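**Q** Input: one structure, supplied below.
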Amino acid sequence: MESMPHAEPLLSSVESVPHGEQLLSSVESVPHAEPLPSVEYVLHGKPLSSVESMSSVGSMPHGEPLQLTFDAFALGRATRPKRVKPPGGHRVLSRAQESLAALGMIMELAKHDLLLSPNQQQVFGSRVLEPHSQRVYKKHYRGLWYFFGLIGDYTSLLILRHDCPQHAPAMSVKSLCAYLKYKTGAIGTILHYDDGLPVLDVDGQPVLCDGQWKDPQNMIQLSSAVSAAHKAKGMGQVPYEEQYDACYRLFSDKSLVTGCRHHAGRGRLSRTGNARFSEDFIKCMTRIRNHDLWLYTPSSESMCKPLELVNIRRYLLVPNQLMGWKLWTMMIFHIRLSFRADEGIDVMCSQFLPPLTSVDEFGTVTMLDVQISGKTGKKKWIVLSLYRDDQCPELCPVRAVLAWIHLSRHPGTGYLFPHDKDATKCYPPATFQTKCRNVCTKVTGRQGPFATHALAPQDGLASCDMGWSLRC
849 MESMPHAEPL LSSVESVPHG EQLLSSVESV PHAEPLPSVE YVLHGKPLSS
899 VESMSSVGSM PHGEPLQLTF DAFALGRATR PKRVKPPGGH RVLSRAQESL
949 AALGMIMELA KHDLLLSPNQ QQVFGSRVLE PHSQRVYKKH YRGLWYFFGL
999 IGDYTSLLIL RHDCPQHAPA MSVKSLCAYL KYKTGAIGTI LHYDDGLPVL
1049 DVDGQPVLCD GQWKDPQNMI QLSSAVSAAH KAKGMGQVPY EEQYDACYRL
1099 FSDKSLVTGC RHHAGRGRLS RTGNARFSED FIKCMTRIRN HDLWLYTPSS
1149 ESMCKPLELV NIRRYLLVPN QLMGWKLWTM MIFHIRLSFR ADEGIDVMCS
1199 QFLPPLTSVD EFGTVTMLDV QISGKTGKKK WIVLSLYRDD QCPELCPVRA
1249 VLAWIHLSRH PGTGYLFPHD KDATKCYPPA TFQTKCRNVC TKVTGRQGPF
1299 ATHALAPQDG LASCDMGWSL RC
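Residues 849 to 1320 (the numbering used here) make up the sequence shown, in order.
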């Protein structure tokens, strides 16, 4: 990577697209940037027309029984009803609700004789998490912050603050169970607590179920995020206990901390313990998984065939704009390394290993090696290889990466795929995932989720290497 010349900063891009709009609904929606020079001298490959013969995959001699081809198999997996995303999305409290939450937390701090911490830290503490896990945890913390503020559970909000006080009360299991039912219940139905009473917001109106969770995996993610928040406050292995009113009355009236007659010597003055391991929370998760979400089946992925990937490449490069080439390079980079849509977006140029780069006698790069951090918490680095593909140059990752660096005048430092507006940040994974989905839908005419074949077919479908990547 050091051989790339230093030049001007990365070209600026278009303004961000408002939430909910399709990012690439047509060819005209590709961001306008400076026209690209011809890339034939960079690719050294065949013209696009040379891959037309790929459409004849799976033909059989006359008179022999027709076997199931990859095209037919992919078509069968792809033909299913269009998914309808439920309304909702990222919800936030209104200004009035935020003001009530701020006032409520001040009162809770005074009630429990607590002070906010002068130091800022993540809700999950100093625990080292993978970037993907951090995004998932923060997503659930945002949802809990909205729901607790909506129903007026300001005590549970304290543990979600970045300046959380020491000895903050634990989250309310009653509120957590209500949140599970809020996310998994039928859309628009009135939410109820386990005791049958309706859940009311701070304005006294009944709360309606959001109903966006159909996959039980969301509940597992939530429980992990909740447990991490309590572990960061020293309650990881502490049994969950609710505040006992009799103990608190003795403390408020007579300043006795020894507790009532039932809790002598260990007064239950506030909620403590890891709410994730509460018996009520576990029962609520089990009930929802076995009765409410038991019919859930993961949507099969619509497979992008090699010829469709060539068409996607043509669609992105026809406008001759830099943003189209950037998106294609990100896509083929993730596909060839079998990454999900958010696993390779933050790769740094320093992760490429020049000593392992392979160059033939003509000076042509035939292999690039990049080290990637493993998914485990041990932070073990693994080395993955990108190979030059001369059989189908249009799908060659080495050509795409080198052409992207050359055409974008990339300095060879920092992120391989930087943010359009701030080169010190990586490209937003959510934006990349949305653009991939829109482009695949536009070109293939099918709905997602999309995956790609590993591009390593053997003779017959049974011996195909069915590796999936770029799930979007």
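We put the CB at the ideal spot given by N, CA and C, even for glycine. Predicted model, so just to flag it, every value in this text is computed and none were measured.
#1: Determine the burial state of Leu1045: buried for a count of at least 16 other Cβ atoms within 10 Å of its Cβ, exposed for fewer.
#2: How many Å lie between Tyr994 and Gly1084 at the Cα?
#3: In this structure, does DSSP put Tyr1263 in helix, strand or coil?
#4: Could you tell me whether the Cβ atoms of Ile1160 and Leu1028 are closer together than 9 Å?
#5: Which runs of the beta strand (DSSP E), 3 residues or longer, sit entirely within the stretch 1229 to 1297?
#6: Based on the DSSP output, what are the partners of Thr1120 in its beta bridges?
#7: Who are the Cβ neighbours of Tyr1163 in its own chain at under 6 Å, not counting the five residues just before and after it?
#8: For His1182 and Leu1216, I'd like the C-alpha separation in whole angstroms.
#9: Going along the chain, which residues of its own chain have a beta-carbon closer than 7 Å to the beta-carbon of Asp1208, five neighbours each way excluded?
#10: Taking Pro1202 as the reference, which of Ile1193, Ser1186, Gln1219 has the closest Cα?
#11: To the nearest angstrom, how far is it from the Cα of Ile1253 to the Cα of Gln1169?
#12: Helix, strand or coil for Phe996? Go by DSSP, reduced to three states.
#13: Nearest to Trp1142 by CA position, among Leu1005, Thr1032, Lys1283, Arg1285, is which residue?
#14: Compute the Euclidean distance between the alpha carbons of His892 and Arg1285, then round it to the nearest angstrom.
#15: Only counting the same chain, and skipping five residues up and downstream in sequence, which positions put a Cβ closer than 7 Å to that of Pro979?
#16: Indicate the three-state DSSP secondary structure (helix, strand or coil) for Tyr972 in the structure shown.
#17: Give every residue of the same chain whose Cβ lies closer than 8 Å to the Cβ of Ser1023, excluding the five residues on either side of it in the sequence, and list them in chain order.
#18: Can you find at least 3 beta carbon pairs, one from the stretch 1041 to 1055 and one from the stretch 964 to 979, that sit closer than 8 Å?
#19: Output the distance between the C-alpha atoms of Phe1125 and Leu977, rounded to the nearest integer angstrom.
#20: Using the C-alpha atoms, what's the distance from Gly1260 back to Asp1270?
#21: Can you tell which of Phe1280, Phe1210, His938, Val1166 has the C-alpha that lies nearest to the C-alpha of Asp1058?
**A** This is what the structure gives:
#1: The count along the sequence shown starts at 1 and reaches residue 1045 at position 197. Leu1045 comes out exposed.
#2: Counting from 1 along the sequence shown, the entry for residue 994 is found at position 146. Counting from 1 along the sequence shown, the entry for residue 1084 is found at position 236. The C-alpha of Tyr994 lies about 24 Å from the C-alpha of Gly1084.
#3: Here residue 1263 corresponds to residue number 415 of the sequence shown, with the count starting at 1. DSSP, read as helix, strand or coil, puts Tyr1263 in strand.
#4: Counted from its first residue, the sequence shown places residue 1160 at position 312. Counted from its first residue, the sequence shown places residue 1028 at position 180. No Cβ-Cβ contact shorter than 9 Å links Ile1160 with Leu1028.
#5: Complete beta strand (DSSP E) runs here, min 3: 1229 to 1235.
#6: Within the sequence shown, the letter at position 272 stands for residue 1120. According to DSSP, which records beta bridges pairwise, Thr1120 is partnered with Glu1089.
#7: As a working mapping, residue 1163 is identified with position 315 in the sequence shown. Taken in chain order, the residues that qualify are Val1291.
#8: Mapped onto the sequence shown, residue 1182 falls at position 334. Mapped onto the sequence shown, residue 1216 falls at position 368. Counting only the Cα atoms, Leu1216 lies some 14 Å from His1182.
#9: In the sequence shown, the residue the question calls residue 1208 occupies position 360. The residues are Thr1214.
#10: For the purposes of this step, residue 1202 is taken as residue 354 along the sequence shown, with counting starting at 1. Considering only Ile1193, Ser1186, Gln1219, the residue with the shortest C-alpha distance to Pro1202 is Gln1219.
#11: Here residue 1253 is taken as the residue at index 405 of the sequence shown, counted from 1. Here residue 1169 is taken as the residue at index 321 of the sequence shown, counted from 1. Spanning the two alpha carbons is a distance of roughly 14 Å.
#12: As a working note, residue 996 is residue 148 in the sequence shown. Of the three classes helix, strand and coil, the one that applies to Phe996 here is helix, per DSSP.
#13: Translated into positions along the sequence shown, residue 1142 becomes position 294. Taking only the C-alpha atoms, the option nearest Trp1142 is Thr1032.
#14: Walking along the sequence shown from the start, residue 892 turns up at place 44. Walking along the sequence shown from the start, residue 1285 turns up at place 437. The predicted model places His892 with a pLDDT of 40, which falls under 50 and marks its position as unreliable; any figure quoted below should be read in that light. If you take the alpha carbons of His892 and Arg1285, they lie about 29 Å apart.
#15: Taking the first residue of the sequence shown as position 1, residue 979 is located at position 131. Only Asp1194 meet the Cβ criterion.
#16: On the sequence shown, position 124 is the one that residue 972 refers to. Reading the sequence as shown, one finds Phe at residue 972 and not Tyr. In this structure, Phe972 counts as coil in the three-state DSSP scheme.
#17: Numbered from its first residue, the sequence shown carries residue 1023 at position 175. Taken in chain order, the residues that qualify are Phe995, Phe996, Ile999, Asp1001, Ser1004.
#18: Counting Cβ pairs under 8 Å, fewer than three are found: no touch.
#19: By 1-based counting over the sequence shown, the position of residue 1125 is 277. By 1-based counting over the sequence shown, the position of residue 977 is 129. Cα to Cα, the separation comes out at about 21 Å.
#20: In the sequence shown, residue 1270 corresponds to position 422, counting from 1. In the sequence shown, residue 1260 corresponds to position 412, counting from 1. Roughly 16 Å separates the two Cα atoms.
#21: Walking along the sequence shown from the start, residue 1058 turns up at place 210. With respect to the C-alpha of Asp1058, the residue from Phe1280, Phe1210, His938, Val1166 having the closest C-alpha is His938.
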